[in-house]
Amino acid sequence: MPLLITDRYEVLELLGQGGMGRVWKARDRMLQRDVAVKEIVPPPGLTDQARQELRLRSLREARAIARLDHVNAVKVYDVLLGADGDPQIVMEYVPSRSLHDAITADGPVPPRRAAEIGLAVLGALRAAHRAGIAHRDVKPANILIGIDGRIVLTDFGLATAVEDVNLTLTGVVLGSPAYVSPERAMRGTVGPEGDLWSLGATLFAAVEGQSPYARPSSMMSLTALATEPPPPARHAGPLTPVIEGLLRKDPAERIDADTAERLLRAVLAGPATALPPAPIPTRAPAPTSAPTPAPAPIPALTPDPAPAALDAAEPSASVRRRRRSWLVAALSVLLPLGLVIGIPLAGHRAPRTTSDADLVGPPESSGPSTEATYSAPPAADGSRPLTWSVYRDSSGFTVPAPRDWRIVRRDRQVEFHEPGGERMLTVGPVDTPGGDPVGVLTSQEKDPAIGGRLRGYHRVEIAAVNYQLRAADWEWVHTGAGGIVLHVRQRVFTTSTQQSYRIVWTTPDADWPANADAFQRVTAGFRPAAPPASGGLATLTPGGTGAPKSSMTPTRSGYQLVGAASGRCLDISDPASPDPVALRIWDCRDDRGRNQLWTFGSDRSVRLGGRCLDVLNASSDEGAAIQLTTCNTTPAQQFTLNDRRQLVNAHSGMCLAVVGAGTANGASIEQRACASGAPHQQWSRR
């Protein structure tokens, strides 16, 4: 993306990136207003004909969307063509957060508020349907809640325009199975009825905290969609009729837009529900000398009815055959299209990147002190969907926490215990990090006082992760009190040079798949306290758990970036060289010399010696050189180390790579189209 489009739109920053393109914030110089520019980027590997058909289709739909005039539909101001013919759509910029982010941070919304959101989205959909446009990707992530209260539906007609090109490529984002309609999953049918189903799933997610078919994997979501009726929305209250009507699997039986609007207006016209309670009360840390206080529950926003009784009856053979046929039909449509999930799916982890983190042993208790009693197998309770609130700690951090769970304070850690169950969440600050995270974790795993005290311990994984500034995960199973096998995932991470935290999620092992998305919700919604005032750095001895010790010896600042293919480090020949400086790979220096120590700025710059990585001439072309030069905060100097260990440039969307996939000393660096599993594009921080 050029920094100036048609001498009018000045590109400021990258707002987001998906399978079909990138969205940039830009400044309209003529009208002096901020805008959003969506750059349609065809997936790599298309034939010239398919690429051209996709461009034409996207351009036709963008022009149609530009004719929409509805307060709740994102406005399109202009449709441009880039130098390569790819459309660039200039839209209004809405300062906001998405409904998905709001649910993640604040928990489910009351039914009346959900009805307000649903009515606004329905209005936008009806305007689009009258214009012959199907949205095709209605979900909480595409609904913006403006800071002025306005509700805006975004991404009209763009998420699945690729379907009309009959693509069979892997990696094309076609939608979100947790929100896709049954007829689209089974037959590929797209239309207004499918948008109404997705609206119903979105309303369900608004009041329940997750979609009706949210599962730990895309295959599980599709299987549930094919074989299970929609679950009841237990917190929908007066919204129940509209949600049930929209989620009918047969489009002929699904309520239409007129009926949905009437039902939503009836909710808003009815008696107002009670105001939500005050935020979760802040609790000061209990003195270490005092006994542990009795746990207190998190206040509930609404009463939580008893879970529906499980139906133990085995479905008939004919029902099973119909379900299998439905699922086969659905997969025959979706799998050739290379469907990629757009929602956060539970427990799926991409390859890790190497980073530093403070590592602390597992909590003293892996569950409530009293054993749970069950009238059904443990999975019946342990797999029950959770509802969420936001916990605000006296130390300043906030975190999503299951509603109605008991709170136990242990020094600086706060534990959330499931009443009558074995699930538990632990969150709290830990000492400032030091050392290699995987090495420290491994040491603690072997420490008799930490990993050694876990009965029946079995490691699942110890790995670095790409989260906050630096992070690492330790996942394991062990036998807890009462002989229950527990599954634990602990993340420790750094949020500033002197501030780190840990998040620990524990469930019965049998319930882990049904609960894995909870860990993702917690980590996505966590917000640290304001960082402490700068002072002397602290260090943590690997394997130690004591208080940090002040160090008078200056610690190194930065990381070596080690290439996966060569094992050599990203390097410059002479740090004193004038601008610009060419990059290369070279043998990693044991003394971590200043020509190999890179830092990652909060502005997404990658720096060495006060200068920044930069794409030569801000080029978007493959093969453009990567250099070190004076920092200027432009997108050409912004890089993200993703979970595939690739350094992706914000301006071009391409990856930092070794020229010719070379591995010898002196091989130079360029940008190339990102390729999955290409070791010459993979880098680890050390």
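In case it helps, full-length UniProt numbering puts the sequence shown at residues 1 to 686.
Note that beta-carbon positions come from the ideal geometry of N, C-alpha and C, so glycine has one too.
Note that this is a predicted model, so its numbers are computed, not measured.
Environment of residue i [buried if 16+ CB atoms lie within 10 Å]
| i | result |
| --- | --- |
| Ala636 | buried |
| Asp137 | buried |
| Gly270 | exposed |
| Ala252 | exposed |
| Gln32 | exposed |
| Asp614 | buried |
| Val162 | A caution first: Val162 carries a pLDDT of 34, below 50, which makes its placement in the model unreliable, though a value can still be read off. Looking at its Cβ environment, which holds 16 or more other Cβ atoms inside 10 Å, Val162 is buried. |
| Ser394 | exposed |
| Thr630 | exposed |
| Lys38 | buried |
| Asp473 | buried |
| Asp48 | exposed |
| Asn595 | buried |
| Ile147 | exposed |
| residue 687 | Since the first residue shown for the chain is 1 and the last is 686, residue 687 is missing from the structure and cannot be characterised. |
| His417 | buried |
Cross-strand partners of residue i (DSSP beta bridge)
| i | result |
| --- | --- |
| Asn649 | Phe639 |
| residue 709 | Shown here, the chain extends from 1 to 686; a query on residue 709 therefore has no answer. |
| Phe416 | Ile407 and Leu425 |
| Cys612 | Arg607 and Thr629 |
| Ser389 | Ala401 |
| Gln210 | Looking at the DSSP assignment, Gln210 forms no beta bridge with any residue, so it has no partner. |
| Val190 | The partner list for Val190 (beta bridge, DSSP) is empty, contrary to what the question assumes. |
| Ile117 | Paired residues: none, contrary to the question. |
| Arg470 | Thr494 |
8 angstroms CB neighbourhood of residue i in its chain, flanking five on each side removed
| i | result |
| --- | --- |
| Leu4 | Glu10 and Val11 |
| Tyr501 | Phe397, Val427, Gly428, Pro429, Val430, Val492, Phe493, Thr495, Phe526 and Pro528 |
| Tyr467 | Arg491, Phe493 and Thr523 |
Backbone CA spacing between residue i and residue j [nearest angstrom]
| i | j | result |
| --- | --- | --- |
| Ala66 | Ser620 | 28 angstroms |
| Gln88 | Ala50 | 18 angstroms |
| Gln498 | Arg410 | 21 angstroms |
| Ala36 | Ser98 | 15 angstroms |
| Ile450 | Leu486 | 16 angstroms |
| Ala664 | Val562 | 13 angstroms |
| Ala114 | Gly200 | 11 angstroms |
| Leu647 | Lys139 | 29 angstroms |
| Val41 | Ser496 | 35 angstroms |
| Ala538 | Leu264 | Note that Ala538 scores a pLDDT of 32, beneath 50, so its modelled location is shaky; the value from the coordinates is reported in the next line. Near 56 angstroms, if we compare the C-alpha coordinates of Leu264 and Ala538. |
| Phe204 | Asn72 | 20 angstroms |
| residue 687 | Val492 | Outside the displayed span of the chain (1 to 686) sits residue 687, for which this structure offers no information. |
| Ala650 | Pro578 | 25 angstroms |
| Trp197 | Asp155 | 17 angstroms |
| Gly171 | Arg248 | Interpretation of Gly171 is limited by its pLDDT of 37, a score under 50 that renders its predicted location unreliable; no figure is taken from the coordinates. |
| Arg607 | Leu441 | 28 angstroms |
| Gly660 | Gln52 | 30 angstroms |
| Arg234 | Thr227 | 21 angstroms |
| Thr189 | Val477 | 43 angstroms |
| residue 687 | Pro229 | No answer is possible for residue 687: it lies beyond the span of the chain, which begins at 1 and ends at 686. |
| Ala62 | Glu193 | 21 angstroms |
| Asp574 | Leu628 | 11 angstroms |
| Ala564 | Leu125 | 47 angstroms |
| Arg406 | Thr223 | 34 angstroms |
| Phe519 | Ala675 | 29 angstroms |
| Asp358 | Val465 | Low confidence applies to Asp358: its pLDDT is 29, below 50, so where it sits in the model is not reliable, and the reading given next is rough at best. Going by the C-alpha atoms only, they are around 13 angstroms apart. |
Residue range of the beta strand (DSSP E) that includes residue i
| i | result |
| --- | --- |
| Gly21 | Gly21 to Asp28 |
| Val488 | Val485 to Ser496 |
| Met424 | Met424 to Val430 |
| Arg685 | Trp683 to Arg685 |
| Gly146 | Ile143 to Gly146 |
| Val562 | Leu561 to Gly563 |
| Glu92 | Pro87 to Glu92 |
| Arg254 | Arg254 -> no beta strand (DSSP E), and no H or E assigned at all. |
is_contact[residue i, chain C] using C-beta, thresh 7 angstroms
| i | result |
| --- | --- |
| Val438 | The structure shown contains no chain C; it holds only a single protein chain. |
Residue i, enclosing alpha helix (DSSP H) - first and last residue
| i | result |
| --- | --- |
| Ala524 | Trp512 to Gly525 |
| Met654 | First-last for Met654: undefined, no H or E at that position. |
| Gly245 | Thr240 to Leu246 |
| residue 721 | Only positions 1 to 686 of the chain appear in this structure, which leaves residue 721 out of reach. |
| Ile103 | Leu99 to Asp106 |
| Asp500 | Note on residue identity: the sequence assigns Ser, not Asp, to residue 500. Counting along the chain, Ser500 falls outside any alpha helix (DSSP H), though it belongs to the beta strand (DSSP E) covering Gln499 to Pro508. |
| Leu3 | That residue, Leu3, is in no alpha helix (DSSP H); it is neither H nor E in DSSP. |
| Leu222 | Ser218 to Thr227 |
Nonlocal neighbours in the same chain, by C-beta distance under 6 angstroms from residue i, ignoring five residues either side
| i | result |
| --- | --- |
| Arg584 | Asp571, Gly666 and Ser668 |
| Ala105 | Gly525 |
Same chain, Cβ closer than 7 angstroms to residue i, neighbours up to 5 away in sequence not counted
| i | result |
| --- | --- |
| Gly601 | Arg607 |
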